[in-house]
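Note that this note's numbering has the sequence shown beginning at 66, numbered continuously upward. Think of the CB as a built atom: it goes at the ideal place given N, C-alpha and C, for glycine as much as any other residue.
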Amino acid sequence: MKIGNAWTKTSEKGDTYIPVSLDEVILKQFPALDNYFFNLWRIPAEERKNENSPQWSLNATVKKQKEETKEAEIF
């Protein structure tokens, strides 16, 4: 079952990461996940402790709330 999409990107610092977008099938089951951005960040080889260390770190970042704009009332 497909649950989302991902893209390979490079940050301004040159770090490779993969942003992940979850499909509606997952968000319906776990609506709280819609409040987060998910990214996989490559762990550089020199930071890995041994050959069995993970190559990617999964991070969740809380999405910023969009400010509601109020329409100006005209009198």
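query                                                                                                                                       : result
Tell whether a beta-carbon distance below 9 angstroms holds between F102 and P119.                                                          : no
To the nearest angstrom, report how far apart Q94 and S122 are at their CA atoms.                                                           : 24 angstroms
Round the Cβ separation of Y82 and N100 to the nearest angstrom and send it over; I've been treating them as touching at under 8 angstroms. : No, Y82 and N100 are not in contact; Cβ-Cβ is about 20 angstroms, not under 8 angstroms.
Would you tell me roughly how many angstroms separate the C-alpha atoms of V90 and P96, rounded to the nearest one?                         : 10 angstroms
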